[in-house]
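Residue numbers (our numbering), protein chains in the order written: chain Y, 1 to 125; chain Z, 1 to 271.
Worksheet: the structure to be examined is printed underneath.
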Amino acid sequence: MSEPKNILLVEDEQALQKIYSNKLRNSGFNVSVAITGDEALRKAQTELPDIILLDLILPGKDGFVVLEELKQQDTTKDIPVVILSNLGQESDIARGKQLGAIDYLVKADVGLMDLVEKVKKYLGG
Amino acid sequence: MTTLEIILLVLFFFTLGYALYIQLRMRSVRDREREKTEERRSSFISIISHQLRTPLSVIKGYLEGVLTGDQGELQPGQQEYLQEALDINRDTIKLVNDYLEVVRMGAESITVHPETLDLVELVQGEIKKLTPLARASNCELIFETPSEQIPKVKADRIKIRQVIENILTNAIKYSKGKGRAVTTISMRDGMVQYKTQDNGVGVPADQLEEVFTKFSRGKNVIHKDTTGSGIGLYIAKMIVNALGGEIWLESKENEGTAVFFTLPPDHQSHE
Numbered sequence: 001m002s003e004p005k006n007i008l009l010v011e012d013e014q015a016l017q018k019i020y021s022n023k024l025r026n027s028g029f030n031v032s033v034a035i036t037g038d039e040a041l042r043k044a045q046t047e048l049p050d051i052i053l054l055d056l057i058l059p060g061k062d063g064f065v066v067l068e069e070l071k072q073q074d075t076t077k078d079i080p081v082v083i084l085s086n087l088g089q090e091s092d093i094a095r096g097k098q099l100g101a102i103d104y105l106v107k108a109d110v111g112l113m114d115l116v117e118k119v120k121k122y123l124g125g
Numbered sequence: 001m002t003t004l005e006i007i008l009l010v011l012f013f014f015t016l017g018y019a020l021y022i023q024l025r026m027r028s029v030r031d032r033e034r035e036k037t038e039e040r041r042s043s044f045i046s047i048i049s050h051q052l053r054t055p056l057s058v059i060k061g062y063l064e065g066v067l068t069g070d071q072g073e074l075q076p077g078q079q080e081y082l083q084e085a086l087d088i089n090r091d092t093i094k095l096v097n098d099y100l101e102v103v104r105m106g107a108e109s110i111t112v113h114p115e116t117l118d119l120v121e122l123v124q125g126e127i128k129k130l131t132p133l134a135r136a137s138n139c140e141l142i143f144e145t146p147s148e149q150i151p152k153v154k155a156d157r158i159k160i161r162q163v164i165e166n167i168l169t170n171a172i173k174y175s176k177g178k179g180r181a182v183t184t185i186s187m188r189d190g191m192v193q194y195k196t197q198d199n200g201v202g203v204p205a206d207q208l209e210e211v212f213t214k215f216s217r218g219k220n221v222i223h224k225d226t227t228g229s230g231i232g233l234y235i236a237k238m239i240v241n242a243l244g245g246e247i248w249l250e251s252k253e254n255e256g257t258a259v260f261f262t263l264p265p266d267h268q269s270h271e
């Protein structure tokens with residue numbers, strides 16, 4: 001049996017951390033949580049997760065800055081990043097994609113099971 | 001040329017140059033003002049998106065988590081109550097999204113990104129997506145396969161989906177008793193024409209003109225259903241017009257409504 005995949009969930013809203021991490025853990029993933037931009041960058045470097053779910057409005061560095069820095073580091077540049085935010089203007093989506101996010105999901109519009117399916121798809125299973 | 005003529009000529013060019021300079025300055029000030037207004041609008045949308053959608057996402061997440069078994073098995077009654085709460089939460093998210101869309105389109109215009117699309121395939125996909133919602137409301141969504149070849153259209157995939165979703169959810173929402181909404185696609189005067197005919201409550205004759213205006217809701221439904229924003233068809237009209245089509249409806253109160261829209265075919269596509 002293959003090892004469970006590791007997800008870094010970057011989310012500062014406590015309730016959403018709980019909701020997403022519960023569902024993802026129940027679906028067989030290991031989940032690590034970061035609540036600030038700096039913590040996200042630190043954990044991405046040390047834990048080298050298989051995928052990062054990244055909120056945009058964060059204390060300190062925002063999600064766009066985090067994404068930009070992740071893509072500049074050799075160790076983290078290939079980790080797939082999915083933006084999971086409640087911002088959803090075309091300009092936000094375009095900026096996220098241009099900075100290298102593989103997908104952009106609006107939290108209010110995406111169902112929990114849809115999120116799990118997307119994560120599985122990007123992790124190749 | 002006399003000295004006076006030279007002076008007059010210099011004065012003429014000086015005045016002309018100055019007028020041009022003032023005009024350019026004015027244009028640049030107006031452009032900056034427009035940019036500032038756009039920036040303010042964009043940051044207002046960001047704040048509202050975050051502040052309103054976050055609590056709704058939390059409620060949605062908790063409900064979906066419980067409904068999909070994160071906290072153990074549910075009794076059928078509990079399942080039903082929570083499902084109803086989730087449906088209301090989704091309606092509220094849809095309302096917030098609609099209002100944000102209106103703010104986004106504040107300049108009474110809308111940006112579209114047309115691409116070549118198979119409208120038949122797109123409509124079938126939307127009907128499939130909305131079928132569970134329709135079933136829950138005792139409404140049947142039917143798509144009649146076109147009898148003729150329908151060319152592809154030039155349309156914005158996300159926005160035209162929004163139009164179809166608005167039309168179909170209206171048909172579901174305003175169906176009475178056992179609802180039925182039949183969707184067809186055909187060719188009409190060189191345009192691809194979409195039509196959804198429902199057997200719902202209909203629109204009063206004196207309100208037919210108003211349905212595509214902002215915040216318009218039928219007086220026969222305003223007290224029956226509280227989840228309508230009154231902007232779904234307004235948004236639909238903005239989108240269809242921006243794509244070079246027309247949208248209109250025919251309706252009889254207590255008999256039903258037919259909503260039509262047209263889109264230009266994509267002549268470049270030979271598939």
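Think of the CB as a built atom: it goes at the ideal place given N, C-alpha and C, for glycine as much as any other residue.
### Minimum Cβ-Cβ distance from aspartate 31 of chain Z to chain Y less than 7 Å
Taking the first residue of the second sequence as position 1, residue 31 of chain Z is located at position 31. Chain Y, which has no Cβ nearer than 7 Å to the Cβ of aspartate 31 of chain Z, makes this no.
Practice problem: Could you say which of Y/Glu3, Y/Asp109, Y/Ala40, Y/Lys120 lies nearest to isoleucine 57 of chain Y if we only look at CA atoms? | Solution: Along the first sequence, read from residue 1 onward, the residue named residue 57 of chain Y stands at position 57. It is Y/Ala40 whose Cα lies nearest to the Cα of isoleucine 57 of chain Y.
Query raised in the report: From this set, Z/Val211, Z/Leu130, Z/Glu80, which residue's C-alpha is nearest valine 251 of chain Z's C-alpha?
Result: Taking the first residue of the second sequence as 1, we reach residue 251 of chain Z at position 251. In the sequence as presented, valine is not what sits at residue 251 of chain Z; that position holds serine. Closest by alpha carbon: Z/Val211.
Tell me whether isoleucine 102 of chain Y sits in a helix, a strand or coil according to DSSP, three-state version.
-> Counted from its first residue, the first sequence places residue 102 of chain Y at position 102. Residue state for isoleucine 102 of chain Y is assigned as coil, using DSSP reduced to three classes.
Exercise. Using a C-beta to C-beta distance shorter than 7 Å, which residues of chain Z count as neighbours of isoleucine 57 of chain Y?
Worked result: As a first step, residue 57 of chain Y is located in the first sequence; it is residue number 57 there, counting from the start. Those are His50, listed as they occur along chain Z.
Among Z/Thr116, Z/Thr111, Z/Thr169, which one has its Cα closest to the Cα of cysteine 139 of chain Z? Position 139 of the second sequence, counted from the start, is the residue given in the question as residue 139 of chain Z. Comparing Cα-Cα distances from cysteine 139 of chain Z to each of Z/Thr116, Z/Thr111, Z/Thr169, the minimum goes to Z/Thr169.
Just the Cα atoms here: how many angstroms apart are glutamate 300 of chain Z and glycine 232 of chain Z?
Any question about residue 300 of chain Z goes unanswered here, given that chain Z covers just 1 to 271.
### Message
Can you confirm whether alanine 15 of chain Y, when its beta carbon is compared against all beta carbons of chain Z, has any partner nearer than 7 Å?
### Response
As a position in the first sequence, residue 15 of chain Y is number 15, starting the count at 1. It does; some Cβ of chain Z falls within 7 Å.
Q. Considering only the beta carbon of each residue, do valine 182 of chain Z and isoleucine 142 of chain Z sit closer than 7 Å?
A. The count along the second sequence starts at 1 and reaches residue 182 of chain Z at position 182. The count along the second sequence starts at 1 and reaches residue 142 of chain Z at position 142. Yes, they are a contact pair.
Check: Which one of Y/Glu69, Y/Tyr20, Y/Ile93 has the shortest CA to CA distance from lysine 77 of chain Y?
Finding: Along the first sequence, one-based indexing puts residue 77 of chain Y at 77. Considering only alpha carbons, the answer is Y/Glu69.
- Query: Under a Cβ-count criterion, where at least 16 other Cβ atoms within 10 Å of its own Cβ denotes burial, should aspartate 55 of chain Y be classed as buried or exposed?
  - Reply: Along the first sequence, read from residue 1 onward, the residue named residue 55 of chain Y stands at position 55. Counting Cβ neighbours within 10 Å, aspartate 55 of chain Y comes out buried, since at least 16 surround it.
**Message:** So with CB distances below 7 Å, who are the chain Y contacts of glutamate 64 of chain Z?
**Reply:** As a first step, residue 64 of chain Z must be located in the second sequence, where it is residue number 64. Simply Gly111, Leu112.
(Q) Let me check understanding here. Comparing Cα to Cα, which of Y/Ile79, Y/Gln17, Y/Gly88 lies closest to asparagine 6 of chain Y? (A) Residue numbering aside, residue 6 of chain Y sits at position 6 when the first sequence is read from its first letter. Answer by Cα proximity: Y/Ile79.
In the DSSP assignment, find the unbroken beta strand (DSSP E) run with glutamate 115 of chain Z in it and report its ends.
Against the second sequence, residue 115 of chain Z aligns to sequence position 115. Where glutamate 115 of chain Z is concerned, the enclosing beta strand (DSSP E) stretches over 115 to 117.
Query - CA nearest to the CA of lysine 71 of chain Y, picked from Y/Leu24, Y/Ile52, Y/Pro4 - result: In the first sequence, counting from the first residue as 1, residue 71 of chain Y sits at position 71. That would be Y/Ile52, whose Cα lies nearest to the Cα of lysine 71 of chain Y.
Rounded to whole angstroms, what is the Cα-Cα separation between glycine 77 of chain Z and threonine 36 of chain Y?
Taking the first residue of the second sequence as 1, we reach residue 77 of chain Z at position 77. Taking the first residue of the first sequence as 1, we reach residue 36 of chain Y at position 36. Spanning the two alpha carbons is a distance of roughly 40 Å.
Within-7 Å CB hit, leucine 249 of chain Z to chain A: No chain A is present in this structure, whose protein chains are Y and Z.
* Asked: Sorted by chain position, which residues of the same chain lie with C-beta nearer than 7 Å to alanine 108 of chain Y's C-beta, five sequence neighbours on each side aside?
  -> As a working note, residue 108 of chain Y is residue 108 in the first sequence. Taken in chain order, the residues that qualify are Asn86.
### Message
For chain Z, check one thing: does any of its Cβ atoms lie closer than 7 Å to the Cβ of lysine 107 of chain Y?
### Response
By 1-based counting over the first sequence, the position of residue 107 of chain Y is 107. By this cut-off, lysine 107 of chain Y is an interface position.
Output yes or no for whether 7 Å exceeds the beta carbon distance between valine 120 of chain Z and isoleucine 164 of chain Z.
Residue numbering aside, residue 120 of chain Z sits at position 120 when the second sequence is read from its first letter. Residue numbering aside, residue 164 of chain Z sits at position 164 when the second sequence is read from its first letter. Contact flag unset, no.
Between asparagine 26 of chain Y and chain Z, is there a C-beta pair that is closer than 7 Å?
Taking the first sequence and counting its residues from 1, the one referred to as residue 26 of chain Y is at position 26. For asparagine 26 of chain Y, the answer is yes, since a Cβ of chain Z falls inside 7 Å of its Cβ.
Could you check whether threonine 196 of chain Z and valine 153 of chain Z sit closer than 7 Å to each other, using their CB atoms as the reference points?
By one-based count along the second sequence, residue 153 of chain Z stands at place 153. By one-based count along the second sequence, residue 196 of chain Z stands at place 196. Contact flag unset, no.
message = I'd like to check one pair, proline 114 of chain Z with alanine 155 of chain Z: are the Cβ atoms closer than 7 Å?
response = Taking the first residue of the second sequence as 1, we reach residue 155 of chain Z at position 155. Taking the first residue of the second sequence as 1, we reach residue 114 of chain Z at position 114. Cβ distance < 7 Å, so alanine 155 of chain Z and proline 114 of chain Z count as in contact.
Ordered along the chain, which non-local residues of its own chain (more than five positions away) have a Cβ less than 6 Å from that of leucine 105 of chain Y?
-> Here residue 105 of chain Y refers to the residue found at position 105 of the first sequence. Leu84.
- Is the beta carbon of threonine 257 of chain Z sitting closer than 7 Å to the one on leucine 249 of chain Z? Walking along the second sequence from the start, residue 257 of chain Z turns up at place 257. Walking along the second sequence from the start, residue 249 of chain Z turns up at place 249. For threonine 257 of chain Z and leucine 249 of chain Z, yes; Cβs fall inside 7 Å.
* Output yes if chain Y places a C-beta closer than 7 Å to the C-beta of arginine 40 of chain Z; else output no. => As a first step, residue 40 of chain Z is located in the second sequence; it is residue number 40 there, counting from the start. By the rule that beta-carbons nearer than 7 Å mark a contact, arginine 40 of chain Z does not touch chain Y.
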